[in-house]
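**Student:** Mapping the sequence shown onto my numbering, position 88 (from 1) lands on 489, and the numbers just tick up by one. Below you'll find the structure I mean.
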Amino acid sequence: MEIKLSTANTLETGATWSLPEVRNVTQNRLLLHLFFWTVYVVFFGLLYGSYIDDYYNAFMVELVELPFKMALVYFNMYYLMPRYLLQRRYLEFFVYLLLLMGAIAGLMQFVLLPFLIHPIFCPTTCTENSLTFYRFIKNIVNINYVVAITAVIALLKNWYSHQQATRNLTQDKLEAELKFLKGQIHPHFLFNTLNSLYSLTLKKSDNAPEVVLKLSGLMDYMLHDANAAMVPLDKEVEYIKNYIALEQVRYGERVEVQFSATGSIAGKQIAPMLLLPFVENAFKHGVSTETQGAWIRIDIKVTDEQLVLLVENCKCTDKASKCTRAMASGIGLKNLQRRLELLYEGRYELEIEDEADSYAARLEILFE
């Protein structure tokens, strides 16, 4: 029987800010807003200046009207949009926005234009045509430019913030799940090793001190290095060697273990304790019930692009066969598969071969 498990290539979080960070963010935001309004005044000043052939008056008109446009823009961005548009109350939003734009346009046309702009900056161009309904509509369209531009910027910023929050929340969930899955390995491994040590102490074996020493080294790796997201591959391989040596002390000549590691291991990185469960299960489910003639083969091949792990063990008794089938369908394999999906999505392939007299697991991982 062969089981193939492979992958194809395929929320808002809180943050703690220090006072200097808040100051930097505030200063940067003020500078960005100042830059935007400067560009706006310069652009429309040049545009209307070329139209009336009077750049000075065009710039002065834009500066006089700027506070009213700014008030409308910020009221829209920080009140109308969050309260109505983003809450999908579209009709209310557009009604209130049009009313405000009409009020600002009326203020500009019937107050600023006749009593401030024309008398001071361009008295010779002040005509009755400036107070017509056509000019009123033109003022609304003029205001609409800056309102539309700033609204699009605000919507894009809001979308980006939500995307970042969702991505952060997803990442937090994945990290929490990975910690949980990794945490399941630690007590499982420790329980098995302590059982081995207990059996040796009952027999008053001379190997018990050596087991304690090796267990101490394994625990040091597990408690320190294994907490990192990635570890050097050579450390993980050395960890597996120590584990094999520990199990050989327990089983003695009952089990023949063949281990090989070839390729350029140095410089490669891998998720910690990802390979060990395959080796551990070979001992626990494959040969723990054997009295003699048991064997395990472990082969690690590394190239520049990938790592290939092959772990095989014998199944000489019916009890061993049941154990390996339990591993294939139980929590151990599901745990491994889930970790692989989270850490190496689209970059791994896992094959399980459950034969009548042997059990094999083959894992391929592509390096980034």
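Backbone N, C-alpha and C define an ideal beta-carbon position, used for all residues, glycine too. This one's a predicted model, so the numbers in the text were calculated from it and none came from an experiment.
Candidates Leu492, Leu598, Leu500: which alpha carbon is nearest Phe476's?
**Tutor:** Leu500
**Student:** Please name the residue, chosen from Val703, Ser759, Leu741, that lies closest to Ile697 on a Cα-to-Cα basis.
**Tutor:** Taking only the C-alpha atoms, the option nearest Ile697 is Ser759.
**Student:** Measure how close the beta-carbons of Phe768 and Lys669 come, nearest whole angstrom, since I'm counting them as under 8 angstroms.
**Tutor:** The distance from the Cβ of Phe768 to that of Lys669 is about 6 angstroms, consistent with a contact at the 8 angstroms cut-off.
**Student:** Should the stretch 633-645 be regarded as contacting the stretch 665-683, the criterion being three or more beta carbon pairs within less than 8 angstroms?
**Tutor:** yes
**Student:** Is the stretch 535-553 touching the stretch 459-477 in the sense that three or more CB pairs, one from each, lie closer than 8 angstroms?
**Tutor:** yes
**Student:** Buried or exposed for Val613, going by 16 or more other Cβ atoms inside 10 Å?
**Tutor:** exposed
**Student:** Quick one: using the 10 Å Cβ neighbour count with 16 as the cut-off for buried, is Glu681 buried or exposed?
**Tutor:** buried
**Student:** State yes or no: is the C-beta of Gly507 within less than 8 angstroms of the C-beta of Phe537?
**Tutor:** The answer is yes: Cβ separation under 8 angstroms.
**Student:** Please identify the residue among Tyr561, Ala662, Phe534 whose C-alpha is closest to the C-alpha of Leu710.
**Tutor:** Ala662
**Student:** Assuming Val703 and Gly664 form a contact by the criterion Cβ under 8 angstroms, report the distance between their Cβ atoms to the nearest whole angstrom.
**Tutor:** The distance from the Cβ of Val703 to that of Gly664 is about 3 angstroms, consistent with a contact at the 8 angstroms cut-off.
**Student:** By a C-beta neighbour count over all protein chains shown, 10 Å radius and 16 as the cutoff for buried, is Ala472 buried or exposed?
**Tutor:** exposed
**Student:** At the level of alpha carbons, what is the spacing between Tyr622 and Leu487?
**Tutor:** 51 angstroms
**Student:** Per DSSP, Asp700 forms a beta bridge with which residues?
**Tutor:** Ser661, Leu711
**Student:** Taking Tyr457 as part of the beta strand (DSSP E), name the residues at either end of that continuous run.
**Tutor:** Segment 456-476 is the alpha helix (DSSP H) holding Tyr457; no beta strand (DSSP E) there.
**Student:** Identify whether Ile671 lies in helix, strand or coil by the three-state DSSP scheme.
**Tutor:** strand
**Student:** Among all the DSSP beta bridges, which residues are the ones paired with Tyr760?
**Tutor:** Asn714, Asp755
**Student:** Measure the alpha-carbon distance for Glu657 versus Leu743 and round it to whole angstroms.
**Tutor:** In a straight line, the C-alpha of Glu657 is about 34 angstroms away from that of Leu743.
**Student:** Using only the alpha-carbon positions, how far apart do Leu431 and Phe511 sit?
**Tutor:** Computed Cα separation, rounded: 32 angstroms.
**Student:** I'd like the span of the alpha helix (DSSP H) that includes Gly747, first residue to last.
**Tutor:** Careful: Gly747 lies outside any alpha helix (DSSP H) and carries neither H nor E.
**Student:** Just curious, the alpha helix (DSSP H) that Leu677 is in, first and last residue?
**Tutor:** 677-682
**Student:** Quick one: what's got a C-beta closer than 7 angstroms to Ala667's C-beta in the same chain, skipping five residues either side?
**Tutor:** Result list for Ala667: Asp635, in chain order.
**Student:** Checking the sheet assignment: what are the DSSP bridge partners for Pro633?
**Tutor:** Gln670
**Student:** What does Val656 pair with, by DSSP beta-bridge criteria?
**Tutor:** Ala695
**Student:** I need the DSSP call for Leu767, collapsed to helix, strand or coil.
**Tutor:** strand
**Student:** Cβ atoms of Ile541 and Met482: under 8 angstroms apart, would you say?
**Tutor:** no
**Student:** Less than 8 angstroms between the CB atoms is what I'm expecting for Glu466 and Leu498, so what's the real figure, rounded?
**Tutor:** With 8 angstroms as the limit, Glu466 and Leu498 do not qualify as a contact, their Cβ atoms being about 18 angstroms apart.
**Student:** Does Glu493 come out as helix, strand or coil in the three-state DSSP assignment?
**Tutor:** Correct three-state label for Glu493: helix.
**Student:** For Leu764, count the other beta carbons within 10 Å of its own beta carbon; 16 or more makes it buried, fewer makes it exposed. Which is it?
**Tutor:** Residue environment analysis places Leu764 among the buried positions, since at least 16 neighbouring C-beta atoms fall within 10 angstroms of its C-beta.
**Student:** Out of Thr602, Glu706, Asp705, Ala646, state which residue places its alpha-carbon closest to the alpha-carbon of Phe684.
**Tutor:** Ala646
**Student:** On a Cα-Cα basis, can you pick out the residue from Ala630, Ile699, Ala695, Ile641 that is closest to Ile671?
**Tutor:** Ala630
**Student:** Taking the alpha-carbon positions, what's the Ile544 to Gln707 distance?
**Tutor:** Roughly 60 angstroms between the two C-alpha positions.
**Student:** Taking C-alpha atoms, which residue in Trp560, Phe534, Ala695, Thr567 lies nearest to Tyr652?
**Tutor:** Ala695
**Student:** Given a cut-off of 8 angstroms, decide if Leu619 and Asn643 are closer than it, judged by their beta-carbon atoms.
**Tutor:** yes
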